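Quick note, the sequences are listed as chains A and B, same order.
Plus 263 on top of the position in the first sequence (first one is 1) and you've got this note's numbering.
Plus 263 on top of the position in the second sequence (first one is 1) and you've got this note's numbering.
There are 2 protein chains.
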Amino acid sequence: MQAFQNYDSAFNALGDPTRRAIFEKLASRPLSVVHIAEGLAVSRPAVSQHLKVLREAKLISMVQQGTRSIYSVNSEGVHAMRDYLDRFWTESLENFKQIAEQTEKQKTKSYAANKKRSNR
Amino acid sequence: MQAFQNYDSAFNALGDPTRRAIFEKLASRPLSVVHIAEGLAVSRPAVSQHLKVLREAKLISMVQQGTRSIYSVNSEGVHAMRDYLDRFWTESLENFKQIAEQTEKQKTKSYAANKKRSNR
DNA sequence: ATTTATGGTAAGTTTAAACTTACCGTTAGT
DNA sequence: ACTAACGGTAAGTTTAAACTTACCATAAAT
Numbered sequence: 264m265q266a267f268q269n270y271d272s273a274f275n276a277l278g279d280p281t282r283r284a285i286f287e288k289l290a291s292r293p294l295s296v297v298h299i300a301e302g303l304a305v306s307r308p309a310v311s312q313h314l315k316v317l318r319e320a321k322l323i324s325m326v327q328q329g330t331r332s333i334y335s336v337n338s339e340g341v342h343a344m345r346d347y348l349d350r351f352w353t354e355s356l357e358n359f360k361q362i363a364e365q366t367e368k369q370k371t372k373s374y375a376a377n378k379k380r381s382n383r
Numbered sequence: 264m265q266a267f268q269n270y271d272s273a274f275n276a277l278g279d280p281t282r283r284a285i286f287e288k289l290a291s292r293p294l295s296v297v298h299i300a301e302g303l304a305v306s307r308p309a310v311s312q313h314l315k316v317l318r319e320a321k322l323i324s325m326v327q328q329g330t331r332s333i334y335s336v337n338s339e340g341v342h343a344m345r346d347y348l349d350r351f352w353t354e355s356l357e358n359f360k361q362i363a364e365q366t367e368k369q370k371t372k373s374y375a376a377n378k379k380r381s382n383r
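This is the structure we're talking about:
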């Protein structure tokens, strides 16, 4: 379904607070590296490293403008992640019903009765 | 909008390959700890630790059935993450247009003309 | 031609995450 | 009561991630 690459790298990229801050900053508008680093608590090289991670995760992209590197959110990558979660969200909703059923049965029946269901 | 908690912990939780494997396994059906650990390359205590992380990230939940702990995907948490990405996806789409415009202008106008836009 | 702005990368340090084995408490079956 | 199954936590090790400073290359402005 997705011509995307690695979900691990994508989720991992957004798992870091500094990178999430960068990502959210870029979501409001494309920015150069110095401007991205401006509000943040870390050094400019650290930002460069984070940008590399986000870029490899296909969550942001870059265009060169002279000496400046303008970074922006890569909507394709974000969309792919969204779709991933969407898939499991649908699945988990069904499971939610199952759990509800199990919980109901727990109230009336014994543990032994539920044993079969949870085996594997 | 979201009665959710920490996005960092949620994204971080799915950033680990073992945890993603656990998450996807649980998406298909609720399982006990031993059954979750069964196919995986890591030890059972390691799985317990991962489950704790996923649980604190509100991505899975647990019900006790006698001596067994049955884990399942927490659709609420997944939904919150999906919404988060959705928000930035929408924003990034607008930025995509902006970049397209800038790229267009680059073809005809000089770098100096674009400078104002990218400053801050 | 020189200087200044910009940003990528290298090298090194520190902290934390992912794993292991060992241990223990609780519940279920006999 | 005793034994076995289940699973959480503690302690310790190893690897990797996040940061720093230092350095260098390129493009723009004077």
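Every residue, glycine too, gets a C-beta built ideally from N, C-alpha and C.
Keep in mind the model is a prediction, meaning the values are calculated, not measured.
Hey, does residue i have any beta-carbon neighbour from chain A nearer than 9 Å?
i, result
"His-342/B", "yes"
"Arg-283/B", "yes"
"Val-310/B", "no"
"Lys-372/B", "Bear in mind that a pLDDT of 39 at Lys-372/B, under 50, signals an unreliable position, so the model cannot answer this."
"Ala-300/B", "no"
"Leu-348/B", "yes"
"Glu-287/B", "yes"
With a threshold of 9 Å between beta carbons, is residue i in contact with chain B?
i, result
"Ser-291/A", "yes"
"Val-254/A", "Since the first and last residues shown for chain A are 264 and 383, residue 254/A lies out of range."
"Ala-304/A", "no"
"Asn-377/A", "The predicted position of Asn-377/A is uncertain, since its pLDDT is 36 and thus under 50; a value taken from the coordinates is nonetheless stated next. It does: the Cβ of Asn-377/A has a partner Cβ on chain B nearer than 9 Å."
"Arg-345/A", "yes"
"Glu-354/A", "yes"
"Ala-276/A", "yes"
Determine the DSSP secondary structure at residue i, reduced to helix, strand or coil.
i, result
"Asn-269/B", "coil"
"Ala-276/B", "helix"
Check this for me: beta carbons of residue i and residue j, under 9 Å apart or not?
i, j, result
"Ser-335/B", "Ser-355/A", "yes"
"Ile-323/B", "Leu-303/B", "no"
"Asp-279/B", "Asn-275/A", "yes"
"Ser-332/B", "Ser-291/B", "no"
"Glu-339/B", "Lys-315/B", "no"
"Leu-317/A", "Met-344/B", "no"
"Trp-352/B", "Val-341/A", "yes"
Identify every run of the alpha helix (DSSP H) within the region 281-366 of chain B, keeping only runs that are complete inside it and at least 4 residues long; order them along the chain.
-> 296-301, 307-319
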